[in-house]
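All remarks here apply to the structure that follows.
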Amino acid sequence: MKAIAVEPGAGDPVLVDRPRPEPDAGHALVRTLRVGVDGTDHEVIAGHHGDLPAGADRLVLGHEAVGVVEDSNGTDLEDGQVVVPTVRRPPNGTNAYFERGEPDMAPEGEYVERGIVGAHGFMAEYFTSPSEFLVPIPKQLAALGFLVEPVSISEKAIDHAVASRSAFEWEPDAALVLGNGSLGLLTLAMFDTVLEIDRTYCLGRRDRPDPTIDIIEKLGSTYIDSRQTPVDEIPGTYESIDLIYEATGYAKHAVETVEALAPNGVGVLLGVPGPWEFEIDGGRLHKELVLHNKALLGTVNSHRGHFEAAVDSLSQLPDWLFEELVTGVYGLEEFEAAFEQGNDVIKTAVEFDTL
Ligand code: NAP
Ligand code: BGC
Ligand code: ZN
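Counting with the working numbering, you get residues 661 to 1015 for the letters of the sequence shown.
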């Protein structure tokens, strides 16, 4: 079968031939339909994040997949069922995090991530997986199933942000997304449509006309240009924000989030930056957090419950959003196009097969 693999930090993804996998007991064989590409894939390709599987010289990419069960192999799945795989797997047998159904809370060394850290991904015509890591989705969502994983990331982030404010009366009226990439825009849509937050903002660094700014404004949100209004100036120019979601991978935004928060607000950080030293007034940030009961938290990955919630959220988002957000779905003969970047590219996917 064909697969898309990369030597991290050493070039572009290439098409390779690999043996079609045979499912072990308890595993199902899945025929891949589509696999999405996100900022993390570009970080993996550049060699800035992730790791090869032990003994491999290339990594099969892809962690945002949707497929159809080809052989349920005696598991509780049914042949023909449309499924989305979760990303993390236990490295050796199982461990307490996986047994609790919380692989997303496992520390380094207690997990591998398919297509990212230490395990091959889903960009192949077929893949196998223990059935417990395959989440059935409705057939009518199959074409957009590659968006379930990224939305699940935000389901977890929002869950944790809300939980951190659950000890008192808290209802966010203003929310801000830092970053107008695919994760940022999907989350902005969730803030507007699913959470129905009154006032939403999204920060980018683009000139108009730009397709991401069009989406932001069509959602009824306000576009903030970080070149004109840095994060710490947002309260002065716009307003203080109750809930901030960072999806730029730009480390300065992570710390400046504290300044943009309203009293009792929460900032949730998603970016995975490289090392970067810069000057900050640590005393001021410390005091802001304390005197205004602010919270700043990091979050990574997601568990099965978040995938199930993501299916529900996706079905509430408007069709026009997907038409504008998904800028390209490419077959194997032109898979390279799915990895191109530019201001006219928002979300892409590789199509391996159709239902
Ligand atoms: P992406 O497509 O690269 O989006 C990042 C966006 O941030 C881009 O649109 C970029 O704008 C914008 N940006 C960067 N620096 C900025 C600045 N200084 N001011 C304003 N805008 C800025 O990536 P993505 O797929 O949406 O993911 C976003 C981040 O989340 C990445 O770092 C990714 O690794 C991370 N992530 C984390 C998790 C997790 O579990 N924690 C899951 C998925 C993704 P331009 O395009 O104009 O440069
Ligand atoms: C993936 C997560 C993963 C994270 C860190 C994200 O792009 O969606 O599943 O945990 O990267 O590797
Ligand atoms: Zn991702």
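Glycine residues also receive a C-beta, built at the ideal position from the N, C-alpha and C atoms.
The structure presented is a predicted model; accordingly, all values stated were derived computationally and were not measured.
Is the beta carbon of residue j closer than 8 Å to that of residue i?
i    : j     : result
F860 : D852  : Per the sequence presented here, residue 860 reads as Thr, with Phe not at that position. Yes, Cβ-Cβ distance for T860 and D852 is below 8 Å.
I894 : A920  : yes
V690 : L794  : yes
L693 : L1015 : yes
L879 : V918  : no
A665 : R718  : yes
L903 : I876  : no
V697 : A784  : no
S975 : L801  : yes
H966 : K816  : yes
T959 : V928  : yes
H780 : P832  : no
Using C-beta distances below 8 Å, list every residue in its chain close to residue i, excluding the 5 sequence neighbours before and after it, in chain order.
i    : result
R887 : R865
H946 : none
P923 : S900, H952, N953 and K954
P751 : G769, E770, Y771, V772 and G778
Just to check, is the beta-carbon of residue i closer than 7 Å to a non-hydrogen atom of ligand 4?
i    : result
H966 : Among the ligands present in this structure, namely ligand 1, ligand 2 and ligand 3, ligand 4 is not found.
Looking at the structure shown, is residue i part of a helix, part of a strand, or coil, going by DSSP?
i    : result
R868 : coil
F787 : strand
A817 : helix
V930 : The sequence given here places Leu at residue 930; Val does not occur at that position. L930: coil per DSSP, three-state reduction.
I705 : helix
G943 : helix
A972 : Reading the sequence as shown, one finds Asp at residue 972 and not Ala. D972 falls in the helix class under three-state DSSP.
A823 : helix
G715 : coil
V960 : coil
I776 : coil
G753 : coil
V695 : strand
T700 : helix
I797 : coil
E983 : helix
V854 : helix
A670 : coil
Just to confirm my understanding: we take residue i, look at its own chain, exclude 5 residues before and 5 after, and list those with CB closer than 7 Å. What are they?
i    : result
G991 : E1011
V729 : A688, V690, L737, E738, D739, G740, Q741 and V743
I940 : V915
L977 : A849 and T853
S732 : A688, E738 and D739
S962 : D764, S812, I813, E815 and K816
Whose C-beta lies closer than 6 Å to the C-beta of residue i among residues of the same chain, with five residues either side of it excluded?
i    : result
V989 : A1009 and E1011
G839 : A907 and T908
T735 : A688 and S791
L981 : A849
R680 : M661 and Y786
Which residues mark the beginning and the end of the beta strand (DSSP E) in which residue i is found?
i    : result
T987 : V986 to G991
K954 : No beta strand (DSSP E) contains K954, which DSSP labels as neither H nor E.
L721 : It is not in any beta strand (DSSP E) - L721 carries neither H nor E in the DSSP assignment.
T882 : T882 to D885
Tell me the residue span of the alpha helix (DSSP H) that contains residue i.
i     : result
V1005 : No alpha helix (DSSP H) contains V1005, which DSSP labels as neither H nor E.
P895  : I894 to T897
A725  : First-last for A725: E724 to D731, but that is the beta strand (DSSP E), not the alpha helix (DSSP H).
T917  : A911 to A920
Quick check: the region 818 to 825 against the region 789 to 796, are there 3 or more CB pairs under 8 Å? no
Answer yes if the region 968 to 975 comes into contact with the region 774 to 787, meaning at least three C-beta pairs across the two stretches below 8 Å, and no otherwise. no
Inspect the CB distances between the region 693 to 708 and the region 997 to 1014 and report whether three or more fall short of 8 Å. yes
Is it true that the region 750 to 766 meets the region 925 to 940, where meeting means three or more beta-carbon pairs spaced less than 8 Å apart? no
Determine, using beta-carbon pairs with one atom in the region 803 to 819 and one in the region 842 to 851, whether at least three such pairs fall under 8 Å. yes
Could you tell me whether the region 732 to 740 touches the region 673 to 688, using the rule of 3 or more Cβ pairs below 8 Å? yes
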